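Start counting the sequence shown at 23; every next residue gets the next number (our numbering).
First the structure, in the form of structure tokens, and then the observations on it.
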Amino acid sequence: MHKIQRQLHVDHHHITRLLNCLSKEIDCYDFNSKRAADLAVILSALDYIDSYPDKWHHPSEDVIFDHLLEKDVKESRLIEQLKNEHKEIVIETDKLSELFDMVANDCIVTADELLGGARHFITLQRKHLEKENEFVYPLMDTLITGEEWKVIESKVKIQDDPLFKKPSKKDFEYLYQYIVDLENEH
Ligand SMILES: [Fe+2]
Ligand SMILES: [Fe+2]
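This is the structure we're talking about:
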């Protein structure tokens with residue numbers, strides 16, 4: 023497996039872990055929650071999504087997806103849809119970050135707004151990952167040639183994941199520990 027492909031696979035695993043943790047904190051805004059949300063975790067998770075998946079993961083996939091589209095595969099419509107979702111996800115990350123920044127600045131935001139916005143965001147992300155895993159990632163194994171990987175490599179520069187690459191960047195240490203602790207509870 024090419025190293026870019028491997029990194030994308032690993033990213034999916036990491037993004038899933040992150041969404042589980044974000045989802046757990048978001049649930050704290052539910053009326054029957056027994057504890058308050060950890061706003062630092064939510065803000066940090068959104069900051070991470072903005073700084074790595076939105077800036078590296080999805081744009082790298084776009085480069086690979088364009089190669090697949092040239093091959094006129096039967097999944098072409100889905101691939102176009104996934105490319106559109108990349109744009110949608112970036113917009114939704116910004117919107118949600120703005121909402122939680124308002125909370126951090128003591129502006130009034132209703133729990134319904136937070137829950138609705140965040141759950142929509144998490145569902146969008148999870149469904150996106152599932153579709154890629156099930157229908158598009160397998161095509162990378164069979165359809166992208168060694169020569170094409172070289173072309174892709176010239177356009178996609180591997181970047182370090184600031185949260186999951188050990189040690190995490192300082193800004194994400196707290197979030198990383200939160201994720202590990204949460205997983206150890208189960
Ligand atoms: Fe994607
Ligand atoms: Fe992806």
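Using N, Cα and C, we set each Cβ at its ideal position, and we do this for glycine too.
Computed from a prediction, not measured in an experiment: that's the story for all the values here.
(request) Would you mind working out which of L90, K56, E47, Y200 sits nearest E154, comparing C-alpha positions? (result) The residue you call residue 154 lines up with position 132 of the sequence shown. Out of L90, K56, E47, Y200, L90 has the C-alpha closest to the C-alpha of E154.
(request) Could you tell me if the beta carbon of E154 falls within a distance shorter than 7 Å of some heavy atom in ligand 2? (result) The residue given as residue 154 occupies position 132 in the sequence shown. E154 Cβ: within cutoff of ligand 2.
(request) Consider the C-beta atom of Q103 and the heavy atoms of ligand 4; say whether any pair is separated by less than 7 Å. (result) In the structure on display, ligand 4 does not appear, and the ligands it does have are ligand 1 and ligand 2.
(request) May I have a chain-ordered list of the alpha helix (DSSP H) segments no shorter than 4 residues that lie completely inside the region 79–121? (result) 80–92
(request) Kindly list the residues whose CB is nearer than 8 Å to the CB of D60, restricted to its own chain and excluding five residues on each side of it in sequence; keep chain order. (result) The sequence position of residue 60 within the sequence shown is 38, counting from 1. Same-chain partners within the cutoff: E47, C50, Y200.
(request) Measure the Cβ-Cβ separation of L40 and L118 and say whether it is below 8 Å. (result) Against the sequence shown, residue 40 aligns to sequence position 18. Against the sequence shown, residue 118 aligns to sequence position 96. No; because the gap between Cβ atoms is not below 8 Å, this pair is not in contact.
(message) When you compare the CB positions of L204 and F194, do they come within less than 8 Å of one another, or not?
(response) Reading the sequence shown from its first residue, position 182 is the one you call residue 204. Reading the sequence shown from its first residue, position 172 is the one you call residue 194. Contact flag unset, no.
(request) Measure the alpha-carbon distance for S73 versus H79 and round it to whole angstroms. (result) Within the sequence shown, residue 73 is the residue found at index 51, counting from 1. Within the sequence shown, residue 79 is the residue found at index 57, counting from 1. Approximately 10 Å, taken between the alpha carbons.
(request) Inspect the beta-carbon positions of L65 and F122 and report whether they are closer than 8 Å. (result) One-based indexing of the sequence shown puts residue 65 at position 43. One-based indexing of the sequence shown puts residue 122 at position 100. Taking 8 Å as the Cβ cut-off, L65 and F122 qualify as a contacting pair.
(message) For a quick check, are the C-beta atoms of I26 and V178 less than 8 Å apart?
(response) Here residue 26 refers to the residue found at position 4 when the sequence shown is read from its first residue. Here residue 178 refers to the residue found at position 156 when the sequence shown is read from its first residue. Taking 8 Å as the Cβ cut-off, I26 and V178 qualify as a contacting pair.
(request) Quick one: give me the first and last residue of the alpha helix (DSSP H) that Y74 is part of. (result) As a working note, residue 74 is residue 52 in the sequence shown. First-last for Y74: undefined, no H or E at that position.
(request) Helix, strand or coil for I37, going by three-state DSSP, please let me know. (result) As a working note, residue 37 is residue 15 in the sequence shown. Residue state, collapsed to three classes: helix.
(message) Assuming contact is defined by CB atoms lying nearer than 8 Å, are I174 and L146 in contact in what I supplied?
(response) Here residue 174 corresponds to residue number 152 of the sequence shown, with the count starting at 1. Here residue 146 corresponds to residue number 124 of the sequence shown, with the count starting at 1. Not a contact, by the Cβ cut-off of 8 Å.
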